[in-house]
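*Asks:* I'd like to ask some things about the structure below.
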Amino acid sequence: MAKVIEINDIHALGAYRYSWNQLFAQTSHATFFQTLNWLETYWQFYGDNKKLRVLIAQVGGQVIGILPLVEQTESTHAGSVRVLTYPLAAWGPFFGPIGGQPTATLYTCLQYLAGTSRTWDMLDFRWVETEIDRGRTFSAMRCQAFTPVILPGKPSYAIELPTDFENYLASRTPKFRAAIRRAVRKAEQDGVVAERYRPVSDRQSPIPPNETLYEECVQLAKRTWQGSSSTGTTISHEQTAAYFHECFIQAARLRMIDLMTLRYQDRLVAFSYNFHHQGRVLGIRMGYEPDCKHHSPGVALMGMQIRDSIERGDQLFDLGSDYPEIKAPWINRTLESQRICHYSGFSVLANVLRWGHWLKYRRAHAAV
1 MAKVIEINDI HALGAYRYSW NQLFAQTSHA TFFQTLNWLE TYWQFYGDNK
51 KLRVLIAQVG GQVIGILPLV EQTESTHAGS VRVLTYPLAA WGPFFGPIGG
101 QPTATLYTCL QYLAGTSRTW DMLDFRWVET EIDRGRTFSA MRCQAFTPVI
151 LPGKPSYAIE LPTDFENYLA SRTPKFRAAI RRAVRKAEQD GVVAERYRPV
201 SDRQSPIPPN ETLYEECVQL AKRTWQGSSS TGTTISHEQT AAYFHECFIQ
251 AARLRMIDLM TLRYQDRLVA FSYNFHHQGR VLGIRMGYEP DCKHHSPGVA
301 LMGMQIRDSI ERGDQLFDLG SDYPEIKAPW INRTLESQRI CHYSGFSVLA
351 NVLRWGHWLK YRRAHAAV
């Protein structure tokens, strides 16, 4: 018999850490953002004024999946709306159920939600990777008498890595291929040294996170445009610096951190801060010294990073959802995203929002 346990206290999740870790290992295309370590970090910095609703699905007393959710108030054109959604908050490109049985997990957890009092106006599954979901979220919602609506999400731009760096270069335009080769060659001739910090899992003798290296990257970021950015999304911004630092520590402990650096005369001139898991690299932030443009550090860093990833056997490098025009010359694959919403029939605001979404996406479709 299926059963759902709802956890609302972040500290109470510690009792399920072993199960969470076991299920995470079974999750397709899992990222650091689906670990309990990340959720604890996120909640530490951004949990205020939100209600944690982690649903743990059990069958026959065995945990088969976990559905992390958060209930929060959001400002919309219709007014303040109470939304039940994934906790990702756009820190990464995709999210979903934890475990190797996502269909059963969604079905069981949605059955539970359908039978509980609704304190929310809208159930909004955002950041759903279309290729992985394959319609299961929509179907599970329909099975529990929800009325799901599919809306387009923000795609993520990626490089599907071949087995050879020359094969990758051959897939680029002649002009860009020459630019990559020129930048990498010049950097190496000038004595620029590439290093990659990717700790190897060793439970017998764990290595502490290299916080000195990370702090170097933060200081470099402060000297770039990121130092004056007001978006609050950079690793050096005062509102997010502590969060990114803790993510680095937690990812390093899980052996999921991936930090590529370039040094010139022992001076850090460029970095790429990533997470990695099961052959998939997820780019988070990059930066390079403004006074080192003669080394083409951005192009050199990406070229060396792609080459090194191929040599390590990585399969995919996800560059994220932002700045598609900058990423376009590098990528060879687009990872589609969608959101699946149910608007409560008892909420006037939710239904106003539903019509607003319909008009917005209808106009966007007509403009294409």
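In full-length UniProt numbering, the protein residues as written are 1 to 368.
Note that CB positions come from ideal geometry on N, CA and C, so glycine has one too.
1) Let me make sure I understand the geometry here. Which of L110, E311, R185 has the alpha-carbon closest to that of H294?
2) Helix, strand or coil for P87 per DSSP?
3) Going straight from the alpha carbon of G303 to that of W127, what length do you get?
4) Report buried or exposed for C143, applying the criterion of at least 16 other Cβ atoms within 10 angstroms of its Cβ.
5) Going by other Cβ atoms of all chains shown within 10 Å of its Cβ, with 16 needed for buried, is R333 buried or exposed?
6) Tell me which residue opens and which closes the alpha helix (DSSP H) that E325 is part of.
7) Taking the Cβ atom as the reference point for each residue, do L69 and L88 lie within a distance shorter than 7 Å?
8) Going along the chain, which residues of its own chain have a beta-carbon closer than 7 Å to the beta-carbon of T108, five neighbours each way excluded?
9) Going by CA-CA distance only, name the one from I7, L113, G96 that's closest to S337.
10) Helix, strand or coil for A367, going by three-state DSSP, please let me know.
11) For A367, collect the residues of the same chain with a Cβ closer than 8 Å to its Cβ; drop the 5 residues on either side in sequence, then sort them by chain order.
12) Quick one: give me the first and last residue of the beta strand (DSSP E) that I132 is part of.
13) Which same chain residues, not among the five before or five after F244, have their C-beta less than 7 Å away from its C-beta?
14) What do you get for W225, buried or exposed, if any count of 16 or more other CB atoms within 10 angstroms of its CB means buried?
15) List the whole-angstrom C-beta distance separating Q219 from G99, where the pair is believed to meet the contact cut-off of C-beta under 8 Å.
16) So L151 is in the beta strand (DSSP E); what residue range does that whole segment cover?
17) Which class does A170 belong to by DSSP, given the choice of helix, strand or coil?
18) Quick check on DSSP: helix, strand or coil for T224?
19) Quick check on A57: does DSSP put it in helix, strand or coil?
20) Tell me the DSSP secondary structure of V192 in three-state form.
21) Where does T105 land, buried or exposed, given buried means 16+ other C-beta within 10 angstroms?
22) So C143 is in the alpha helix (DSSP H); what residue range does that whole segment cover?
*Replies:* According to the data block:
1) R185
2) coil
3) 28 Å
4) exposed
5) exposed
6) 324-327
7) no
8) A2, V4, A57
9) G96
10) In this prediction, A367 scores a pLDDT of 47, lower than 50, which makes its location untrustworthy; no coordinate-derived value is stated.
11) Interpretation of A367 is limited by its pLDDT of 47, a score under 50 that renders its predicted location unreliable; the figure taken from the coordinates is listed afterwards. Here the set comprises nothing.
12) Segment 130-133 is the alpha helix (DSSP H) holding I132; no beta strand (DSSP E) there.
13) I235
14) exposed
15) No, Q219 and G99 are not in contact; Cβ-Cβ is about 40 Å, not under 8 Å.
16) 149-152
17) helix
18) coil
19) strand
20) coil
21) buried
22) 136-143
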